[in-house]
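Here the protein sequences come in this chain order: B and F. Taking the working numbering, the leading residue of the first sequence gets 7, the next gets one more, and so forth. Taking the working numbering, the leading residue of the second sequence gets 135, the next gets one more, and so forth. We put the beta carbon where it would ideally sit given N, CA and C, even for glycine. Worksheet: one structure, shown below.
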Amino acid sequence: MDQYTLNLLIVGATFALYIGIAIWARAGSTSEFYAAGRGVHPVMNGMATGADWMSAASFISMAGIIAFGGYDTSAYLMGWTGGYVLLAMLLAPYLRKFGKFTVPEFIGDRFYSPTARLVAVICLIVASVTYVIGQMTGVGVAFSRFLEVDKETGLYIGAAIVFMYAVLGGMKGITYTQVAQYVVLIVAYTIPAVFISLQLTGNPIPGLGLFSTDVSTGQPLLATLEGLVTDLGFKSYLSQSDTTLNMVLFTASLMIGTAGLPHVIVRFFTVPKVADARSSAGWALVFIALLYLTAPAVAAMARLNLINTFYPNGVGEATLSLAEIEAGTDAKGQDINWVNNWAKTGLLKFDDKNGDGMIQYVGDKDANELTVNNDIMVLANPEIANLPGWVIALVAAGGLAAALSTAAGLLLAISSAISHDLIKGAINPGISEKGELMAARVSMGVAIAVATYLGLNPPGFAAQTVALAFGLAAASLFPAILMGIFSKRINNKGAVAGMLAGLLVTVVYIFLHKGWFFIPDTNSFTDADPLLLSIKSTSFGSVGAIINFIVAYVVSNATEDTPQEIQDLVESIRIPKGAGAATGH
Amino acid sequence: MADKSSSNAYWAANIRLIRILLVIWAVASFGCGILLRPMLSGIGVGGTDLGFWFAQQGSILVFLVLIFVYAARMNKLDREHGVEE
């Protein structure tokens, strides 16, 4: 069977599974649509949260970023997991006790302020839409590379699948589909990693293989890699080149941002009890850790394999020649067709600058003749390691599962903010449950259409806006929710002033470095030479959060006390008892 | 409904637990993974040092333990203070 048929078969089978689940898990009430009827087992919810959280960025990009960035990029590993500790202890159980459907609803009720709710809705929509664009473009890329359909068709197919289970099933359909998608994506990520770890170290567990001996050199794998990258003049893989200040703030921003992203928070509204919300965060991290403990191994091993492909006889010996790339086999007779396959996509480029017929891969920018996009390290990994065709097909299905599951979670967060917070909360409070359910489905459909349009015509700044999504979640939503639970003193004025201050300062700092509204050449600073100390714009979310805390505290203390009923509300969300009764409106 | 003084004691115990666990959270990630890495550089782990391991894997394992310890301790606290569901 050829590769194309295999890809079609495996991806087709996973899609059939998702549609089957959609038909089985239709939502009949708003509680099912927004919170899956609050009947999801904590382990199942943990698995769904894993798929919801792990996007195309985790599945496709992260290992590539680490492969080329080494130790400095550990912030991604710590940041994107450490946020779950904050969620489990500081947010999830209390928000589950509160028992409503959306994050803006909590902020609006706790700070007895429609303005606060509106600010939260805006933050939620901006953060989620920027995120969704990345997922939709990821779907298009995966389709065009593996199924040989053009990007547009791929995107329409992906959107149609999401439409099926998200519009029909709401949170209920999304949850059960995400459980299936988690299984697909973790199998797809782990199998090639196990093969490669066995080839390089003889250890079947990639996370342990990373710290084992490289069988070909007899040295520890990381020592071999470090020797190669430094010999070739690249920056060290093991030592720190970023400043400590920026690394700490970047890690903190990713942690706080993770805990503050609404599509992750709402997942904890679906479990039956407050105690389940706590353990479910732990299960979510178990399922996320399965991928995140493997990712640094995939990174180091992929980099090692890449260097070995271009230096088949070792560094200092003859490198891969253009003739060998053309022929698809190197001097030792190894299959290297993947170089040509990926060169066609433009994500891998080589250019024989010195005209010697060989491709030199070195750290010196002027002499280097090979550029490799971060994103191909995971997708090309099975081909680099000469793994069987079904593994390649599985990786395609895994990449699609990661992108689709995150897109669905984000679309639900967007549509419930519109139907529940804007339509029911502000425009038409008297709407019937049936009417609201219809409004939720229509806004979901519109959100999918907008996301598809943006996926087809991605704004040039799509990659930069991820910093914006995390910055907004970290600087506005996380501090507001945290203070709403842990302080009775923070009042409506303090919360609104804090959110706006954190938001404005963060957005301005990002715009100063990335350009106003991301328009090129309107920036006054660059991340290489930032405005404040060594703080890059991507690391500023944690500073924005601190500003939010300070402003909210000062303004609240200068204004009147919170009303008694709000103090009672805070008292009640702090204890688990009575959570069942709080279900519903 | 639990009485006022009992729920205050419950909340104080919760805050105390969170404080201890978040100190460990910060020491594992920001501490061992970044700030204290130079001090841990003498301890070798498979071709590199302990700080590198904490930054890439160790902190994640610590996070996992922290969440499950918190969930278990809170279940016990819920029962002791009679505020469980």
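query: Is it right to say B/Trp30 is buried, meaning 16 or more other beta carbons lie within 10 angstroms of its own, or is it exposed?
result: The residue given as residue 30 of chain B occupies position 24 in the first sequence. That one is exposed.
message: Taking CB distances under 8 Å as the criterion, tell me whether B/Arg580 reaches chain F.
response: Indexing the first sequence from 1 puts residue 580 of chain B at position 574. Answer yes: the Cβ-Cβ gap between B/Arg580 and chain F drops below 8 Å somewhere.
message: Between F/Gly165 and chain B, is any beta-carbon pair separated by less than 8 Å?
response: Here the question's residue 165 of chain F lines up with position 31 in the second sequence. Not one chain B Cβ lies under 8 Å of F/Gly165.
- request: Grab the span of the alpha helix (DSSP H) containing B/Lys178 for me, first residue to last.
  value: Position 172 of the first sequence, counting from 1, holds the residue named residue 178 of chain B. The continuous alpha helix (DSSP H) containing B/Lys178 extends over residues 157-207.
field: Proximity to F/Gly192 [Cα-Cα], best of F/His215, F/Phe164, F/Ser139
entry: By one-based count along the second sequence, residue 192 of chain F stands at place 58. Of F/His215, F/Phe164, F/Ser139, the residue nearest in Cα terms is F/Phe164.
- request: Report back the beta-carbon spacing between B/Gln184 and B/Ser61 to the nearest angstrom; my notes put them in contact at under 8 Å.
  value: Position 178 of the first sequence holds residue 184 of chain B. Position 55 of the first sequence holds residue 61 of chain B. Between B/Ser61 and B/Gln184 the Cβ distance is about 12 Å, and since that is not below 8 Å, they are no contact.
Partners in chain B for F/Gly176, counting only beta-carbon separations shorter than 7 Å: Here residue 176 of chain F is taken as the residue at index 42 of the second sequence, counted from 1. Below the 7 Å Cβ cutoff, chain B contributes no neighbours of F/Gly176, its closest Cβ being approximately 15 Å away.
- request: Please look up how many angstroms separate the CB atoms of B/Ser438 and B/Ser421, rounded, as I've assumed it's under 8 Å.
  value: Here residue 438 of chain B refers to the residue found at position 432 of the first sequence. Here residue 421 of chain B refers to the residue found at position 415 of the first sequence. Their Cβ separation, rounded to whole angstroms, is 18 Å, which puts B/Ser438 and B/Ser421 out of contact at 8 Å.
task: Jot down the residue ranges of each uninterrupted beta strand (DSSP E) in the stretch 381-429 of chain B, minimum 3 residues, whole runs only, in chain order.
output: Within the stretch 381-429 of chain B, there are no complete beta strand (DSSP E) runs of at least 3 residues.
field: 7 Å CB neighbourhood of B/Pro48 in its chain, flanking five on each side removed
entry: Residue mapping note: residue 48 of chain B aligns to position 42 of the first sequence, counting from 1. Same-chain partners within the cutoff: Val277, Asp282, Ser285, Ser286, Trp289.
query: Expressed to the nearest angstrom, what Euclidean distance is found between the alpha-carbon atoms of B/Gly164 and B/Leu410?
result: Walking along the first sequence from the start, residue 164 of chain B turns up at place 158. Walking along the first sequence from the start, residue 410 of chain B turns up at place 404. Just so you know, the alpha carbons of B/Gly164 and B/Leu410 end up roughly 7 Å apart.
query: What number of angstroms, rounded off, separates the C-alpha of B/Gly208 from the C-alpha of F/Val179?
result: By 1-based counting over the first sequence, the position of residue 208 of chain B is 202. By 1-based counting over the second sequence, the position of residue 179 of chain F is 45. Distance from the CA of B/Gly208 to the CA of F/Val179, rounded to the nearest whole angstrom, comes to 18 Å.
- prompt: Are the beta-carbon atoms belonging to B/Thr36 and B/Glu442 less than 8 Å from one another?
  reply: On the first sequence, position 30 is the one that residue 36 of chain B refers to. On the first sequence, position 436 is the one that residue 442 of chain B refers to. For the pair B/Thr36 and B/Glu442, the CB atoms are nearer than the 8 Å cut-off.
message: Please tell me whether F/Glu219 has its Cβ less than 8 Å away from any Cβ of chain B.
response: Here residue 219 of chain F corresponds to residue number 85 of the second sequence, with the count starting at 1. With 8 Å as the cut-off, F/Glu219 counts as an interface residue toward chain B.
- request: Pick helix, strand or coil for B/Thr36, following the three-state DSSP scheme.
  value: Sequence index remark: in the first sequence, residue 36 of chain B carries index 30 (1-based). In the structure shown, B/Thr36 sits in a helix (DSSP, three-state: H, G or I).
- prompt: Between B/Ala446 and B/Gly176, is the Cβ-Cβ spacing less than 8 Å?
  reply: As a first step, residue 446 of chain B is located in the first sequence; it is residue number 440 there, counting from the start. As a first step, residue 176 of chain B is located in the first sequence; it is residue number 170 there, counting from the start. Yes, the pair counts as a contact, with Cβ atoms nearer than the cut-off.
message: Quick check on B/Lys520: buried or exposed, where buried means 16 or more other Cβ atoms within 10 Å of its Cβ?
response: Position 514 of the first sequence holds residue 520 of chain B. Buried: at least 16 other Cβ atoms inside 10 Å.
query: Straight-line CA distance for B/Asn343 to B/Asn392?
result: The residue you call residue 343 of chain B lines up with position 337 of the first sequence. The residue you call residue 392 of chain B lines up with position 386 of the first sequence. The straight-line gap from Cα to Cα measures roughly 10 Å.
message: What residue range does the beta strand (DSSP E) around B/Thr377 cover?
response: On the first sequence, residue 377 of chain B is found 371 positions in, with the first residue counted as 1. Going by DSSP, B/Thr377 is part of the beta strand (DSSP E) stretching over 376-378.
message: Quick check on B/Met142: does DSSP put it in helix, strand or coil?
response: The sequence position of residue 142 of chain B within the first sequence is 136, counting from 1. In the structure shown, B/Met142 sits in a helix (DSSP, three-state: H, G or I).
message: In this structure, how does DSSP classify B/Met364 when only helix, strand and coil are distinguished?
response: Taking the first residue of the first sequence as position 1, residue 364 of chain B is located at position 358. The three-state reading of DSSP puts B/Met364 in strand, counting E and B together.
query: Is B/Lys355 helix, strand or coil when you go by DSSP?
result: Mapped onto the first sequence, residue 355 of chain B falls at position 349. B/Lys355: strand per DSSP, three-state reduction.
Chain-order list of residues whose beta-carbon lies under 7 Å from that of B/Asn529 (same chain, five-residue window excluded): To locate residue 529 of chain B, count along the first sequence from 1; it is residue 523. Taken in chain order, the residues that qualify are Leu518, His519, Lys520, Gly521.
- request: Given a cut-off of 8 Å, decide if B/Met253 and B/Ala480 are closer than it, judged by their beta-carbon atoms.
  value: Position 474 of the first sequence holds residue 480 of chain B. Position 247 of the first sequence holds residue 253 of chain B. It is not a contact, given that the beta carbons lie outside the stated cut-off.
query: Any idea which residues DSSP pairs B/Ser327 with across the strands?
result: Taking the first residue of the first sequence as position 1, residue 327 of chain B is located at position 321. Beta-bridge partners assigned by DSSP to B/Ser327: B/Met364.
- request: Could you check what DSSP says for B/Asp341 in three-state terms: helix, strand or coil?
  value: Residue 341 of chain B sits at position 335 when you count from the first residue of the first sequence. In the structure shown, B/Asp341 sits in a strand (DSSP, three-state: E or B).
task: Would you mind stating whether B/Leu353 and B/Asn379 have Cβ atoms separated by less than 8 Å?
output: Translated into the one-based positions of the first sequence, residue 353 of chain B becomes position 347. Translated into the one-based positions of the first sequence, residue 379 of chain B becomes position 373. Going by C-beta atoms, B/Leu353 is nearer than 8 Å to B/Asn379.
- request: Measure from the C-beta of B/Tyr77 to each C-beta in chain F and report whether the shortest distance is under 8 Å.
  value: The residue you call residue 77 of chain B lines up with position 71 of the first sequence. Under the 8 Å criterion on CB atoms, B/Tyr77 is classed as interfacial with respect to chain F.
Span separating the alpha-carbon of B/Lys583 from that of B/Tyr188: Reading the first sequence from its first residue, position 577 is the one you call residue 583 of chain B. Reading the first sequence from its first residue, position 182 is the one you call residue 188 of chain B. Rounded to the nearest whole angstrom, the CA to CA distance from B/Lys583 to B/Tyr188 is 32 Å.
- request: With 8 Å as the limit, tell me which residues of the stretch 292-303 of chain B have their beta carbon closer than that to any beta carbon of chain F; keep them in chain order.
  value: Those residues of the stretch 292-303 of chain B that come within reach of chain F (Cβ to Cβ, closer than 8 Å) are Val292, Ala295, Tyr298, Leu299, Pro302.
- prompt: When we look at the beta-carbon of B/Ser242 and count the other beta-carbons within 10 Å, is it buried (16 or more) or exposed?
  reply: For the purposes of this step, residue 242 of chain B is taken as the residue at position 236 of the first sequence. By the Cβ neighbour-count rule, B/Ser242 is exposed, with fewer than 16 other Cβ atoms within 10 Å of its own.
message: Residues of chain B with CB closer than 7 Å to the CB of F/Ile173, please, in chain order.
response: In the second sequence, the residue the question calls residue 173 of chain F occupies position 39. As written in the sequence, residue 173 of chain F is Met, which differs from the Ile given in the question. Correct list: empty, because the minimum Cβ distance to chain B is about 13 Å.
query: Can you find a CB in chain B that lies within less than 8 Å of the CB of F/Ala136?
result: For this step, residue 136 of chain F is matched to residue 2 along the second sequence. Model confidence at F/Ala136 stands at a pLDDT of 47, short of 50, so the residue's coordinates are unreliable; what they give is reported in the following sentence. With 8 Å as the cut-off, F/Ala136 counts as an interface residue toward chain B.
field: Coarse secondary structure for F/Gly178, derived from DSSP in three states
entry: Within the second sequence, the letter at position 44 stands for residue 178 of chain F. DSSP places F/Gly178 within a strand segment (E or B) once states are collapsed to three.
- prompt: Going straight from the alpha carbon of B/Ile525 to that of F/Ile149, what length do you get?
  reply: One-based indexing of the first sequence puts residue 525 of chain B at position 519. One-based indexing of the second sequence puts residue 149 of chain F at position 15. F/Ile149 has its alpha-carbon roughly 45 Å from the corresponding atom of B/Ile525.
task: Indicate whether B/Ser203 and B/Met68 have their beta-carbon atoms separated by less than 8 Å.
output: The count along the first sequence starts at 1 and reaches residue 203 of chain B at position 197. The count along the first sequence starts at 1 and reaches residue 68 of chain B at position 62. No, the pair does not count as a contact, with Cβ atoms beyond the cut-off.
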